[in-house]
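Taking it in order: structure first as structure tokens, then the write-up.
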Amino acid sequence: MGPEEGCEAEAVDSFCPSDEDVDKWMSSAFHMAREALETGEVPVGCLMVYKDEVVGKGRNEVNETKNATRHAEMVALDQVLDWCRRSSLDVRSVCEQTVLYVTVEPCIMCAAALRLLNIPVVAYGCSNERFGGCGSVLDVSSAHLPQTGTKFKCVSGHRAEEAVEMLKTFYKQENPNAPKPKTRKD
Amino acid sequence: MEPQMKRWKGSACDADSWVAYPVLSDEQSQDVELIEAFAAPIVNKKETSQLVRELNSLYPLNGLQHIKRVRARKEKGSPHPLEVLVCLVSDAPDMKVVSVDSLLPGVKPDGLGEPFVVKVPARAPLTRPQFELASQHWPTSFHEDKQVTVALRGELFSPPQKAVMHMYMMSAVTAAKAGRELGMEAVGAVVVDPAMERIVAVGHDCRGDHPLHHAVMVCIDLVARSQGGGCYCFDSYPACQFTPPTSNMFQNGPDLEAGSQPYICTGYDLYVTREPCVMCAMALVHSRIGRVFYGTGSADGAFGTKFKIHAQKDLNHRFEVYKGVLSKQCEDLSSLNDHIKKDSGQ
Chain A
1 MGPEEGCEAE AVDSFCPSDE DVDKWMSSAF HMAREALETG EVPVGCLMVY
51 KDEVVGKGRN EVNETKNATR HAEMVALDQV LDWCRRSSLD VRSVCEQTVL
101 YVTVEPCIMC AAALRLLNIP VVAYGCSNER FGGCGSVLDV SSAHLPQTGT
151 KFKCVSGHRA EEAVEMLKTF YKQENPNAPK PKTRKD
Chain B
1 MEPQMKRWKG SACDADSWVA YPVLSDEQSQ DVELIEAFAA PIVNKKETSQ
51 LVRELNSLYP LNGLQHIKRV RARKEKGSPH PLEVLVCLVS DAPDMKVVSV
101 DSLLPGVKPD GLGEPFVVKV PARAPLTRPQ FELASQHWPT SFHEDKQVTV
151 ALRGELFSPP QKAVMHMYMM SAVTAAKAGR ELGMEAVGAV VVDPAMERIV
201 AVGHDCRGDH PLHHAVMVCI DLVARSQGGG CYCFDSYPAC QFTPPTSNMF
251 QNGPDLEAGS QPYICTGYDL YVTREPCVMC AMALVHSRIG RVFYGTGSAD
301 GAFGTKFKIH AQKDLNHRFE VYKGVLSKQC EDLSSLNDHI KKDSGQ
């Protein structure tokens with residue numbers, strides 16, 4: 001996927017984080033993921049940055065909320081909405097200049113949510129082969145979905161191996177809340 | 001919710017106004033793909049089994065186990081009533097003039113007449129419509145999934161089942177209208193525990209207050225609330241409600257083990273007035289929904305229109321989706337939404 005593809009809104013073309021920005025904020029995201037892993041939580045770090053300020057931060061809250069949609073990105077997006085409300089700023093104009101930094105490729109649901117809120121750029125570490133919505137399972141980020149917000153640009157592969165290692169370590173431990181998996185034939 | 005249920009139980013005949021059709025995977029709904037092959041008439045009927053044996057070893061039809069090797073000619077009174085499939089055109093040796101000799105070196109050629117090209121189905125048919133189309137080209141075997149056949153005829157659900165489905169979707173329509181009254185898009189959804197015949201949650205679109213609070217997302221959080229979780233408060237929307245598990249669910253002593261506690265949307269059905277978007281469809285995958293019923297399609301819908309997320313091979317949870325439940329009433333809701341767009345100049 002070419003980095004220039006997937007930009008629909010005009011504002012997006014001129015809006016892109018610098019390499020230094022990506023390095024800086026991705027290292028914060030990795031720090032969050034590492035902390036989560038050490039406390040036995042899903043090792044995904046996720047933050048949303050608007051004008052060099054973190055306006056949303058999230059970790060996976062599926063187990064405590066019993067709501068399977070509470071992925072780190074969804075939690076972070078809620079914080080962005082709250083931040084806009086507190087700052088009396090228009091959600092759309094903030095979101096159009098907000099970058100998501102996340103250690104793992106957002107899933108199909110989160111990718112669609114990011115589109116609905118017109119987030120223009122997503123930087124992520126490793127791909128998400130099970131649920132990925134930026135090309136791994138489906139490419140929601142650049143699909144033609146005129147009723148589902150705007151397409152977004154992906155900057156992928158930043159410290160990908162490290163992100164994979166953290167996930168592998170985590171998934172070696174079992175999720176006690178999940179039902180016993182059925183054996184699959186294929 | 002109880003009075004509403006009683007009200008709709010009396011109107012079972014309304015359920016005759018719609019038909020629920022399954023939303024099948026692309027493999028199940030695509031056209032029959034054909035590939036070219038050489039066939040030849042069998043001159044001497046008595047040699048058929050011998051010829052089939054030789055052809056099977058010379059040209060095994062790998063990956064085409066659904067194709068029958070021999071067919072009876074359609075026209076009656078032909079001198080050679082049987083025809084045999086020799087090989088795929090792509091497997092045949094390169095040659096200028098096709099003859100039995102060139103196709104079958106070393107095989108006694110007088111058993112076969114002049115070869116000709118036929119089209120055969122490339123894949124095993126998965127549904128009866130595919131089977132019927134495939135069989136028009138060449139005899140094909142078919143392992144029928146009876147439920148899919150009945151569902152494609154729109155006859156999977158009995159009149160009493162349809163009456164119950166009608167009632168659930170009617171609750172979703174009512175919720176959609178309540179949401180519309182609050183200035184939201186007219187979309188409603190209901191989560192049902194089919195084993196207990198119980199509504200677990202009713203919700204409507206709330207995106208006027210939160211852009212991601214589509215009716216399905218609202219319902220998923222209400223289900224979480226019913227299980228002691230959840231992260232939003234929908235108390236300011238009177239039509240968004242959840243029912244805590246009934247007391248007798250806790251009285252069954254042995255069932256109190258962790259395994260019998262409700263786990264997100266496992267085993268539950270969702271009724272939603274219009275086809276969910278990508279976000280909501282994937283949220284239902286994550287929530288392990290049992291089945292989904294929707295009224296009418298939507299432009300970016302992810303259960304049939306743009307994607308078929310419920311049948312996506314790479315995902316770890318797949319489920320049945322049916323469309324058309326209360327289609328007329330659900331389409332009428334869409335026209336309410338069109339008015340919203342016109343009013344706001346979008």
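Going down the list, the protein sequences come from chains A and B.
When we follow UniProt numbering, the leftmost residue of the first sequence carries the number 1, and every step to the right adds one.
When we follow UniProt numbering, the leftmost residue of the second sequence carries the number 1, and every step to the right adds one.
Glycine is no exception: its CB is placed at the ideal position from the N, C-alpha and C atoms.
Here the structure is a predicted model, which means the values were calculated and not measured.
- If you check the CB distance, B:Ala-20 and B:Val-325 come in under 8 Å.
- In the three-state reduction of the DSSP assignment, B:Leu-64 falls in the coil class, being assigned neither a helical nor a strand state.
- In the DSSP assignment, A:Asp-52 is bridged to no other residue.
- According to DSSP, residue pairing for B:Gly-203 in a beta bridge involves B:Ala-189.
- By the Cβ-count criterion, A:Tyr-171 is exposed, with fewer than 16 other Cβ atoms from all chains shown falling within 10 Å of its own Cβ.
- About 5 Å separates the beta carbons of A:Met-109 and B:Ala-283, which is inside the 8 Å limit, making them a contact pair.
- Listed in chain order, the beta strand (DSSP E) elements of length 3 or more contained wholly in the region 260 to 338 of chain B are 269 to 274, 291 to 296 and 320 to 323.
- Contacts between B:Gly-228 and chain A, judged by CB atoms closer than 9 Å, involve Lys-66 in chain order.
- Residue state for A:Val-121 is assigned as strand, using DSSP reduced to three classes.
- B:Arg-71 has B:Glu-83 as its beta-bridge partners, per DSSP.
- By the criterion of a C-beta distance shorter than 7 Å, B:Arg-225 is surrounded in its chain by Phe-242, once the five residues flanking it on both sides are discounted.
- Close partners of A:Met-48 in chain B (Cβ separation under 8 Å) are lacking, with about 14 Å as the shortest Cβ gap.
- When the Cα atoms are used, B:Gly-228 and A:Gly-133 turn out to be separated by approximately 30 Å.
- Within the same chain, Gly-125 and Cys-126 come within 7 Å of A:Ala-160 by CB-CB distance, once the 5 residues on both sides are set aside.
- At least one CB of chain B lies nearer than 8 Å to the CB of A:Ala-112.
- In the DSSP annotation of this structure, B:Glu-47 is not part of any alpha helix (DSSP H), being labelled neither H nor E.
- Taking a contact to require three or more Cβ pairs closer than 8 Å, the region 82 to 90 of chain A and the region 288 to 305 of chain B do not qualify as touching.
- At least one beta carbon of chain B lies nearer than 8 Å to the beta carbon of A:Thr-148.
- Within the DSSP bridge table, the entry for A:Ser-156 names A:Tyr-124 as partners.
- Contact annotation for A:Val-137 against chain B: Gln-312, Asp-314 and Leu-315 [CB-CB distance below 8 Å, chain order].
- Under the 10 Å beta carbon count, B:Cys-233 is surrounded by fewer than 16 other beta carbons and is classified as exposed.
- Listed along the chain, the chain A residues whose CB falls inside 8 Å of the CB of B:Phe-319 amount to none; the nearest CB is some 13 Å away.
- B:Pro-121: not part of any alpha helix (DSSP H); member of the beta strand (DSSP E) spanning 116 to 121, first to last residue.
- Interface flag for B:Lys-308 against chain A is unset, since no Cβ pair is found closer than 8 Å.
- Checking the DSSP bridge columns, you'll see B:Ile-42 partnered with B:Leu-112.
- Note that the region 298 to 312 of chain B touches the region 145 to 155 of chain A; at least 3 beta-carbon pairs, one per stretch, sit closer than 8 Å.
- According to DSSP, A:Asp-23 shares a beta bridge with no other residue.
- For B:Asp-209, the closest C-alpha among the options A:Asn-128, A:Asp-78, A:Phe-131 and A:Thr-98 is that of A:Asp-78.
- Interface residue (Cβ-Cβ distance to chain A less than 8 Å): B:Cys-277 is classified as such.
- Using a Cβ-Cβ cut-off of 8 Å, A:Leu-117 counts as an interface residue toward chain B, since at least one Cβ of chain B sits closer than that to its own.
- When the alpha-carbon of A:Leu-117 is set against those of A:Pro-17, A:Arg-34, A:Cys-16 and A:Asp-90, the nearest one is in A:Asp-90.
- Rounded to whole angstroms, the gap between the alpha carbons of B:His-166 and B:Pro-125 is 33 Å.
- Where A:Leu-100 is concerned, there is no enclosing alpha helix (DSSP H), although the beta strand (DSSP E) around it starts and stops at 98 to 104.
- Residue environment analysis places B:Ser-49 among the exposed positions, since fewer than 16 neighbouring C-beta atoms fall within 10 angstroms of its C-beta.
- When 8 Å is used as the limit between beta carbons, B:Pro-211 is near these residues of chain A: Leu-81, Val-91, Leu-116 and Leu-117, in chain order.
- Within the DSSP secondary-structure output, B:Ile-35 pairs in a beta bridge with B:Val-120.
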